[in-house]
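See below for the structure under consideration.
Number of protein chains: 2
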Amino acid sequence: MITKRSSRPLTLRDVSEASGVSEMTVSRVLRNRGDVSAATREKVLTAARTLGYVPNKIAGGLASQRVNLVAVVIPSLSNMVFPDVLGGVSSELDDTGLQPVVGVTHYSPSREDAVLYDMLSWRPSGVILAGLEHSQAARAMLENVGLPVVEIMDVDGEPIDTAVGISHRRAGSEMAEGILAAGYRRIGFIGTHMPEDHRARKRLAGFEDRLTEAGVTLAAREYYQGGSSLGKGRELTERILTREPDLDFLYFSNDMIGAGGLLWCLEKGYDIPGKLGLAGFNGVDLLDGLPMRLATTDARRVDIGRRAARIVSGKEARPESGVIALSPTIIPGDTIRKP
Amino acid sequence: MITKRSSRPLTLRDVSEASGVSEMTVSRVLRNRGDVSAATREKVLTAARTLGYVPNKIAGGLASQRVNLVAVVIPSLSNMVFPDVLGGVSSELDDTGLQPVVGVTHYSPSREDAVLYDMLSWRPSGVILAGLEHSQAARAMLENVGLPVVEIMDVDGEPIDTAVGISHRRAGSEMAEGILAAGYRRIGFIGTHMPEDHRARKRLAGFEDRLTEAGVTLAAREYYQGGSSLGKGRELTERILTREPDLDFLYFSNDMIGAGGLLWCLEKGYDIPGKLGLAGFNGVDLLDGLPMRLATTDARRVDIGRRAARIVSGKEARPESGVIALSPTIIPGDTIRKP
DNA sequence: CGAAATCATGTTACCGTTACCAACCTTTCA
DNA sequence: TGAAAGGTTGGTAACGGTAACATGATTTCG
Chain A
490 MITKRSSRPL
500 TLRDVSEASG
510 VSEMTVSRVL
520 RNRGDVSAAT
530 REKVLTAART
540 LGYVPNKIAG
550 GLASQRVNLV
560 AVVIPSLSNM
570 VFPDVLGGVS
580 SELDDTGLQP
590 VVGVTHYSPS
600 REDAVLYDML
610 SWRPSGVILA
620 GLEHSQAARA
630 MLENVGLPVV
640 EIMDVDGEPI
650 DTAVGISHRR
660 AGSEMAEGIL
670 AAGYRRIGFI
680 GTHMPEDHRA
690 RKRLAGFEDR
700 LTEAGVTLAA
710 REYYQGGSSL
720 GKGRELTERI
730 LTREPDLDFL
740 YFSNDMIGAG
750 GLLWCLEKGY
760 DIPGKLGLAG
770 FNGVDLLDGL
780 PMRLATTDAR
790 RVDIGRRAAR
800 IVSGKEARPE
810 SGVIALSPTI
820 IPGDTIRKP
Chain B
490 MITKRSSRPL
500 TLRDVSEASG
510 VSEMTVSRVL
520 RNRGDVSAAT
530 REKVLTAART
540 LGYVPNKIAG
550 GLASQRVNLV
560 AVVIPSLSNM
570 VFPDVLGGVS
580 SELDDTGLQP
590 VVGVTHYSPS
600 REDAVLYDML
610 SWRPSGVILA
620 GLEHSQAARA
630 MLENVGLPVV
640 EIMDVDGEPI
650 DTAVGISHRR
660 AGSEMAEGIL
670 AAGYRRIGFI
680 GTHMPEDHRA
690 RKRLAGFEDR
700 LTEAGVTLAA
710 REYYQGGSSL
720 GKGRELTERI
730 LTREPDLDFL
740 YFSNDMIGAG
750 GLLWCLEKGY
760 DIPGKLGLAG
770 FNGVDLLDGL
780 PMRLATTDAR
790 RVDIGRRAAR
800 IVSGKEARPE
810 SGVIALSPTI
820 IPGDTIRKP
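So the sequences go chain by chain: A and B. So our numbering is basically just the index in the first sequence, starting at one, shifted up by 489. So our numbering is basically just the index in the second sequence, starting at one, shifted up by 489.
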């Protein structure tokens with residue numbers, strides 16, 4: 490490998506001259522497309538390697554009108570959930586020549602618009618984005634872009650093109666079902682106050698609806714702002730139980746604060762799940778290993794990422810209905826009484 | 490916003506025709522570059538919005554020979570550490586017009602080569618990549634690419650261009666120092682068995698060197714494969730303490746397994762930090778809220794991301810030496826005796 | 001054995017944008 | 001008032017590849 494301190498960046502022309510064939514032939518060799526004799530191929534490859542040539546995808550993309558990028562737009566990277574989704578996307582894209590490009594919106598609709606605009610300006614082959622709620626501008630962009638668009642995580646709503654996710658209403662409802670079946674009746678809820686977290690909102694709605702059907706009302710709620718952590722979970726759990734000491738169940742909007750609550754309750758000597766039951770949401774496996782396994786709902790994050798990637802890559806056909814609803818699976822853990 | 494179901498994608502020409510000016514002028518308006526009269530600007534902007542035009546960065550990048558992308562190459566997204574770094578990078582890049590593009594290597598050198606090659610083929614404005622150890626091919630690519638290249642996390646070695654990070658040798662050494670100062674002498678180590686995790690290796694080397702200086706030898710080690718979780722931490726802690734019951738300190742290679750170990754020890758009734766001390770590494774704040782605060786070293790992840798981003802964006806000059814060494818900060822927590 | 005098929009390579013015309021320079025139109029000011 | 005200066009706009013030629021077609025060489029096969 491000659492380390493050529495070149496001022497001018499290398500182009501196909503350089504490789505072409507170095508190997509004595511046309512640029513077109515070099516291009517064919519480097520992309521493994523079309524017929525090229527073994528001898529020529531070898532010459533070209535050697536020349537390319539020697540020079541240290543790296544193809545220019547900007548030029549290639551412009552010429553071919555195809556770009557092997559998939560835009561992935563998600564609200565956050567700071568909790569565990571979206572990295573898991575990304576993992577699913579990435580693993581499924583690995584053998585397709587497609588590459589994910591991630592944009593983060595921080596749960597802000599205007600950032601989402603900006604990020605989408607930016608992503609689309611790269612003319613990707615597909616778009617995967619979290620949620621079904623988007624600004625009018627975003628919907629317009631996506632409806633007319635003429636690409637596979639997969640909205641992930643949530644299926645409670647009308648997709649622009651295709652949706653892959655779980656029904657958060659159902660997840661909430663089924664958890665309520667399980668809690669009621671175990672005989673708990675004085676139920677409290679602890680969650681983030683984020684108007685833009687539509688999935689948390691729908692989960693709570695599904696949860697409360699099921700309670701209402703059973704003639705039960707949520708006995709207390711506690712909201713917090715900002716990120717979720719064990720400490721936040723402790724703090725809110727203490728607060729809600731101080732305010733409403735006779736609660737017999739706490740439903741947390743995610744596993745992290747649920748785990749914090751669990752630790753606090755164990756320290757205080759609460760009888761779990763006997764006198765007090767707990768449940769979270771997500772199914773974060775990092776937390777296996779707490780003194781008790783927190784009841785939770787597996788949100789199918791990796792599967793969602795995989796299926797979405799399969800659809801944008803064309804491995805899997807878009808379903809007629811446009812919706813792929815995975816089943817949120819309740820993991821009972823040790824913090825709900827056996828019914 | 491007219492939703493034009495166009496077959497042919499929109500180009501500058503469409504906007505130019507719709508607004509009655511040249512493509513060049515439209516381009517100027519859309520980029521805020523050069524002088525354009527207010528009236529023209531308004532006309533163009535209206536036309537662009539009406540049509541729903543999104544600029545084509547592929548074409549723009551080719552023409553201008555500039556691409557507002559920064560390649561970020563990291564080993565993993567599945568633990569907390571790299572998302573934190575990314576957060577730092579992203580926040581610092583926000584106001585620069587530069588956009589991070591992430592590639593994940595899964596700690597595989599050959600994947601790193603492939604990811605780098607792929608990234609460079611997009612002709613980014615800069616490269617940020619984890620670690621100082623790279624294949625010969627990767628080094629060659631990066632040395633000749635003529636871009637800012639920032640290697641992050643680690644400063645124990647020779648950077649290709651610039652390095653921003655902490656000395657893991659020093660981090661290990663200082664933790665050893667603190668442990669010795671607190672009077673612990675029978676010290677065990679628990680870490681991943683990953684030959685490619687050079688930083689963990691250097692940390693341990695620094696740790697052992699300091700112990701050796703003090704005439705102390707590592708009394709036991711336990712290695713594991715695969716991801717870190719609370720459960721893994723428990724399992725390994727149990728194993729090492731069963732094998733070597735008289736250990737008085739456990740040094741974990743990260744906070745997650747450290748926390749698992751801590752939980753296990755607390756359950757078993759170990760006197761912490763009296764009879765047994767514990768320490769991890771990273772300074773993961775998600776874990777604040779455990780029954781005790783685990784001693785750890787803040788690896789300065791967010792700062793590292795920020796400084797790296799500042800350098801590739803030109804906000805901050807590359808230091809003469811090529812190295813920015815941040816100080817790993819020990820957070821004593823509650824699991825080391827006060828000396 | 002000659003026409004057709006196939007293989008291996010080259011030629012030409014873009015892809016959609018921006019850099020550069022020229023042209024024109026105002027305004028300024030000696 | 002006329003030349004210089006500055007603001008505003010447009011024409012043209014890249015940027016570095018790839019698609020599509022053309023060409024010449026070689027093979028296939030009735």
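Don't be surprised by glycine CBs; every beta carbon is placed ideally from N, CA and C.
By DSSP's criteria, residue i is part of a beta bridge. Which residues make up the other side?
i, result
"residue 820 of chain A", "A/785"
"residue 588 of chain B", "B/558"
"residue 601 of chain A", "Looking at the DSSP assignment, residue 601 of chain A forms no beta bridge with any residue, so it has no partner."
"residue 710 of chain B", "B/678"
"residue 766 of chain A", "A/738"
"residue 815 of chain B", "B/655"
"residue 806 of chain A", "BP columns for residue 806 of chain A are empty, so no partner."
"residue 771 of chain B", "B/787"
"residue 641 of chain B", "B/619 and B/653"
"residue 593 of chain A", "A/563"
If residue i sits next to residue j, beta carbons under 8 Å apart, how far is it from one beta carbon to the other, in whole angstroms?
i, j, result
"residue 619 of chain A", "residue 642 of chain A", "5 Å"
"residue 610 of chain B", "residue 636 of chain B", "Contact doesn't hold; Cβ gap of about 13 Å is too wide."
"residue 749 of chain B", "residue 726 of chain B", "7 Å"
"residue 782 of chain A", "residue 747 of chain A", "With 8 Å as the limit, residue 782 of chain A and residue 747 of chain A do not qualify as a contact, their Cβ atoms being about 11 Å apart."
"residue 692 of chain A", "residue 657 of chain A", "4 Å"
"residue 787 of chain B", "residue 820 of chain B", "6 Å"
"residue 738 of chain B", "residue 668 of chain B", "6 Å"
"residue 720 of chain B", "residue 777 of chain A", "5 Å"
"residue 605 of chain A", "residue 627 of chain A", "5 Å"
"residue 528 of chain A", "residue 504 of chain A", "Not a contact, Cβ separation roughly 16 Å."
"residue 601 of chain A", "residue 624 of chain A", "7 Å"
Closest by CA to residue i, which one among the options?
i, options, result
"residue 651 of chain A", "A/809, A/736 and A/557", "A/809"
"residue 608 of chain B", "A/751, A/699 and A/544", "A/544"
"residue 617 of chain B", "B/503, B/559, B/731 and B/570", "B/559"
"residue 562 of chain A", "A/695, A/554 and A/575", "A/575"
"residue 683 of chain B", "B/765, B/711 and B/675", "B/711"
"residue 740 of chain A", "A/697, A/732 and A/716", "A/697"
"residue 824 of chain B", "B/664, B/498, B/527 and B/815", "B/664"
"residue 742 of chain B", "B/807, B/794 and B/568", "B/568"
"residue 794 of chain B", "B/507, B/539 and B/583", "B/583"
"residue 587 of chain B", "B/578, B/594, B/595 and B/593", "B/578"
"residue 598 of chain A", "A/565, A/536, A/732 and A/546", "A/565"
"residue 717 of chain A", "A/784, A/600, A/680 and A/536", "A/680"
"residue 622 of chain A", "A/634, A/715 and A/596", "A/596"
"residue 672 of chain B", "B/687, B/686 and B/705", "B/705"
"residue 677 of chain B", "B/735, B/631 and B/645", "B/735"
By the 10 Å Cβ neighbour count, where 16 or more other Cβ atoms means buried, how is residue i classified, buried or exposed?
i, result
"residue 491 of chain B", "With a pLDDT of 43 at residue 491 of chain B, under the threshold of 50, the modelled position of this residue cannot be trusted; read the value that follows with caution. Its Cβ having fewer than 16 others within 10 Å, residue 491 of chain B is exposed."
"residue 836 of chain B", "A question about residue 836 of chain B goes unanswered here, because the residues of chain B that appear run from 490 up to 828."
"residue 769 of chain A", "buried"
"residue 591 of chain B", "buried"
"residue 827 of chain A", "exposed"
"residue 799 of chain A", "buried"
"residue 689 of chain B", "buried"
"residue 695 of chain A", "buried"
"residue 817 of chain B", "buried"
"residue 892 of chain A", "Only positions 490 to 828 of chain A appear in the structure, and residue 892 of chain A is not among them; the question remains open."
"residue 789 of chain B", "buried"
"residue 647 of chain B", "exposed"
"residue 523 of chain B", "exposed"
"residue 526 of chain A", "exposed"
"residue 670 of chain A", "exposed"
"residue 514 of chain B", "buried"
"residue 772 of chain A", "buried"
"residue 502 of chain A", "exposed"
"residue 803 of chain B", "exposed"
Whole alpha helix (DSSP H) elements within the stretch 732 to 761 of chain A, 4-residue minimum: 744 to 756
Ranges of the alpha helix (DSSP H) found wholly within the stretch 650 to 700 of chain B, counting only runs of at least 4: 657 to 670
Complete alpha helix (DSSP H) runs within the stretch 518 to 564 of chain A (minimum length 4 residues, chain order): 527 to 540 and 546 to 553
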